[in-house]
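Residue numbers (this note's numbering): 131 to 343. Structure, as structure tokens:
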Amino acid sequence: DCACKYAYGGGAWDYRDSICVEFVKCEAACAFSGDVGDGFNGHATAGTDIDAKYNTCTMRECWSHDNNDDGYSDHEFAETVVDGGLFEYNGKAGVTPSFGCGCVCKNVMSRYNHNGFYYIGAKSDSGNEGQMICFNCISIGNTHSEAAAGGFRVAGGANKIILVNCQSINDKNGNSGTSGTRVELYNCSCKNPSVSVKTGSATFVIENGNLVE
């Protein structure tokens with residue numbers, strides 16, 4: 131039940147090099163620093179052992195909105211669980227793990243950002259390709275002018291997103307990936323996207339999906 135608003139920095143909540151951080155019903159709003167400013171932001175700045183713990187975080191029912199860059203973004207060596215919550219009106223994306231982070235999202239809504247759920251960035255020196263797994267997540271109205279923008283998106287290296295029982299509603303693209311990435315869709319649906327699947331030479335695995343509604 132804590133809030134951080136109008137912070138001038140890389141993140142309203144900045145928890146770099148921290149283990150077992152937990153945010154419960156916390157708010158991040160209007161973070162800004164030049165061309166960045168995330169609501170929740172985690173980095174690891176030391177260590178190269180890929181089996182060690184460097185940055186771990188759990189977010190439960192948090193609200194992140196109107197930030198200059200991402201609603202949430204973790205980076206190298208990070209392990210994150212986003213359990214519920216609302217991410218909206220952020221400048222780049224609502225939920226944005228990147229550069230080797232491993233992220234699991236459950237029952238999360240991301241709406242009216244440039245992108246909804248967006249894994250970005252080739253792997254860091256963590257030695258691991260990045261992966262985001264989403265269960266029962268909803269993306270709404272992410273319609274930025276960028277060609278590949280939209281609901282669920284992956285870019286950079288051999289990163290992967292796995293979506294289970296997820297919905298894209300009124301997004302520019304329901305699901306998109308760049309060359310070398312992988313998108314797996316299980317029991318997912320799209321409603322009123324401009325394009326339901328924009329492959330960009332990514333590998334798509336689709337099972338029991340209704341992607342053209």
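By construction, the Cβ of each residue, glycine as well, lies at the ideal position given by its N, Cα and C atoms. If you're wondering where the values come from, they're calculated on a predicted model, not measured in any experiment.
Selection from K183, D213, C231, C192 that minimises the alpha carbon distance to D147 = As a position in the sequence shown, residue 147 is number 17, starting the count at 1. Closest by alpha carbon: K183.
Assigned secondary structure, Y184 (DSSP; H/G/I helix, E/B strand, else coil) | By 1-based counting over the sequence shown, the position of residue 184 is 54. If DSSP states are grouped into helix, strand and coil, Y184 belongs with coil.
Endpoints, the beta strand (DSSP E) within which G307 is located | Position 177 of the sequence shown, counted from the first residue, corresponds to residue 307. From DSSP, the beta strand (DSSP E) with G307 extends over 303-307.
DSSP bridge partner residues for A133 (one or two, in chain order) = In the sequence shown, the residue the question calls residue 133 occupies position 3. E157, per the DSSP bridge assignment.
Assign N289 to one of three DSSP states: helix, strand, or coil.
-> What you label residue 289 is simply residue 159 of the sequence shown in a count that begins at 1. N289 falls in the coil class under three-state DSSP.
Taking the C-alpha atoms as reference points, what is the distance between C351 and A208?
-> With the chain covering only 131 through 343, there is no way to say anything about residue 351.
Secondary structure at L315, three-state DSSP: helix, strand or coil?
-> The count along the sequence shown starts at 1 and reaches residue 315 at position 185. Three-state DSSP puts L315 in a strand.
Three-state secondary structure assigned by DSSP to R146 = Taking the first residue of the sequence shown as 1, we reach residue 146 at position 16. In this structure, R146 counts as coil in the three-state DSSP scheme.
Given V335, which residues of its chain have a CB within under 8 Å of its CB, disregarding the five upstream and five downstream residues?
-> What you label residue 335 is simply residue 205 of the sequence shown in a count that begins at 1. Exclusion of the five residues before and after V335 leaves R312, V313, E314, L315 as the residues of its chain whose Cβ lies within less than 8 Å of its Cβ.
Would you kindly check if the distance between the Cβ of I250 and the Cβ of F275 is under 8 Å?
-> The residue labelled residue 275 in the question sits at position 145 within the sequence shown. The residue labelled residue 250 in the question sits at position 120 within the sequence shown. Here the sequence assigns Ser to residue 275, which means Phe is not the residue at that position. Taking 8 Å as the Cβ cut-off, S275 and I250 do not qualify as a contacting pair.
Backbone CA spacing between G280 and G246 [nearest angstrom] = Mapped onto the sequence shown, residue 280 falls at position 150. Mapped onto the sequence shown, residue 246 falls at position 116. Looking at the two C-alpha atoms, the distance is approximately 6 Å.
What's the C-alpha gap between A346 and N338?
-> This structure gives no information on residue 346, because the portion of the chain shown stretches from 131 to 343.
Return the chain-ordered list of same chain residues with a C-beta closer than 6 Å to the C-beta of A252, the five sequence neighbours on each side being excluded.
-> What you label residue 252 is simply residue 122 of the sequence shown in a count that begins at 1. Same-chain partners within the cutoff: G286, G287.
Note down the Cα distance separating S194 from C160, rounded to an integer number of angstroms.
-> Here the question's residue 194 lines up with position 64 in the sequence shown. Here the question's residue 160 lines up with position 30 in the sequence shown. Approximately 9 Å between the Cα atoms of the pair.
Euclidean distance between Cα positions of Y248 and T226 | On the sequence shown, position 118 is the one that residue 248 refers to. On the sequence shown, position 96 is the one that residue 226 refers to. Spanning the two alpha carbons is a distance of roughly 5 Å.
Please name the residue in N295, Q297, G260 whose C-alpha comes closest to that of G310.
-> On the sequence shown, residue 310 is found 180 positions in, with the first residue counted as 1. G310 has its Cα closest to that of G260, out of N295, Q297, G260.
For the putative contact between K222 and D200, defined by C-beta atoms under 8 Å, what is the C-beta separation to the nearest angstrom?
-> Working through the sequence shown from its first residue, we reach residue 222 at position 92. Working through the sequence shown from its first residue, we reach residue 200 at position 70. Confirmed, Cβ separation roughly 5 Å.
Would you list the residues sitting across from S331 in a DSSP beta bridge?
-> Taking the sequence shown and counting its residues from 1, one reaches residue 331 at position 201. Beta-bridge partners assigned by DSSP to S331: none are found.
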